[in-house]
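Notes for the one structure printed next.
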Amino acid sequence: MMTDRLYAVRVNHYDVLGVAPNASPAEIRRAFVIAARQHHPDFHANDNAASRRAAEASMRAVNDAWAVLSDSRRRLVYDDQLAALRRIGAREAQAANRAHAVQRTSSGASIHFQPFDNEPDTDPLLLDDQAYDGTRPPPPWMQILPVALLLFGLGSTIVGVFVGLRPLAGLGLVVVALATVAFLLAPFYVMGQNRHSRR
7 MMTDRLYAVR
17 VNHYDVLGVA
27 PNASPAEIRR
37 AFVIAARQHH
47 PDFHANDNAA
57 SRRAAEASMR
67 AVNDAWAVLS
77 DSRRRLVYDD
87 QLAALRRIGA
97 REAQAANRAH
107 AVQRTSSGAS
117 IHFQPFDNEP
127 DTDPLLLDDQ
137 AYDGTRPPPP
147 WMQILPVALL
157 LFGLGSTIVG
167 VFVGLRPLAG
177 LGLVVVALAT
187 VAFLLAPFYV
197 MGQNRHSRR
C-alpha cells in the first residue's frame, strides 16, 4: 500500500497530461486534447490486442486527469491531496485519500465525468481538421470540382426544363450524375494517395 501511495505521488494527473502543477487551465486543456488524440482507442483500432488495451488504459487515465484538473474546485481538492500525500506517512495518506475520494457509480465511472468539451477551439493546433500521421488533405480542385459540377448540372437541368431544350436538360442530368460520382470517389482517391505516400 505504501508503494501505491508513493507511486500516486510520483505519477499523478499532472504527469498523465504532461503539465506542471502550476499549469494554466488553457495549458491543461491543450495537453488533454493532444493526449486524447494520441491515446484514443479509435486511433489504435488496427493495433494488436495488447496495444489496444494499453491505449484504453491510457485514455482512461487521461479522462480521469481531465475530469479533475478541468474543474477548479476538484483541482484544489486534488492539489491538497497531493500535498497531504507528500507531507504525511502512508497510513495518514490513505485516510486523507478516502476522505476526499471521488464518488463512483456502480459501473466505476466518476459521477463528474465530462465526455465532451463544449468550449470553442481557438488554438490552431487544436482544430479538429488537422491531418494525422502525415496524411494529406485532398487537393483544392477535388474539393471544388464536385460542387461546381453539381451546381452546373442542376442549373442546366432547370434551365433546360423551363426553356424546353431537352439536350440541355439531358446534359444537366449527366453532369449531376458525374458530380455524384466525383463526391463518392473523392474519399477513395484521398485514401489511395495517403496509402501511397506512406510507402
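Numbering (this note's numbering), first residue to last: 7 to 205.
Glycine included, C-beta positions come from ideal geometry on N, C-alpha and C.
Inter-residue Cα distance where the pair is residue i and residue j
i      : j      : result
ALA37  : PHE189 : 36 Å
ASP48  : ARG58  : 9 Å
VAL199 : ARG93  : For the record, residue 199 in the displayed sequence is Gln; it is not Val. Computed Cα separation, rounded: 57 Å.
ARG66  : TYR20  : 14 Å
VAL187 : PRO27  : 53 Å
ALA56  : LEU157 : 49 Å
SER112 : SER78  : Any reading at SER112 is ruled out, since the residue's pLDDT is 47, under 50, leaving its predicted position unreliable.
ALA175 : LEU155 : 14 Å
ASP70  : ALA63  : 11 Å
ASN18  : ALA90  : 13 Å
HIS45  : PRO144 : 26 Å
ASN39  : PRO31  : Sequence inspection shows Val at residue 39; the Asn mentioned does not correspond to that position. Spanning the two alpha carbons is a distance of roughly 12 Å.
VAL165 : ILE150 : 22 Å
Other residues of its chain near residue i: CB distance less than 6 Å, five sequence neighbours each side excluded
i      : result
GLY42  : A quick correction: the sequence has Ala, not Gly, at residue 42. Cβ within range, chain order: VAL68.
VAL25  : GLU33, ILE34, ALA37
MET148 : ALA192
GLY159 : GLY178, VAL181, VAL182, ALA185
Cβ shell of residue i (< 8 Å), same chain only, five flanking positions each side left out
i      : result
GLY161 : GLY178
ASP208 : The shown model of the chain, from 7 to 205, leaves out residue 208, and the question about it has no answer.
Contact belief for residue i with residue j at Cβ below 8 Å, rounded distance in angstroms
i      : j      : result
ALA185 : PRO152 : 5 Å
LEU23  : LEU75  : 7 Å
Start-to-end residues for the alpha helix (DSSP H) that takes in residue i
i      : result
ASN18  : Per DSSP, ASN18 belongs to no alpha helix (DSSP H) and is neither H nor E.
GLY159 : 146 to 169
PRO31  : 31 to 45
Chain D within 8 Å of residue i, Cβ atoms only
i     : result
VAL25 : Chain labels in this structure do not include chain D; a single protein chain is all it has.
Contacts around residue i, its chain only, beta-carbon distance under 7 Å, and the 5 residues preceding and following it disregarded
i      : result
HIS50  : SER57, ARG58, ALA61
PHE194 : none
LEU12  : Residue confidence for LEU12 is low, a pLDDT of 43 falling below 50, so the modelled location carries little weight; the figure read from the coordinates is stated next. Correct list: empty, nothing qualifies.
Proximity test, residue i beta-carbon vs the ligand GTP heavy atom, cut-off 7 Å
i     : result
ARG43 : Among the ligands in the structure shown, none appear at all, so the ligand GTP cannot be discussed.
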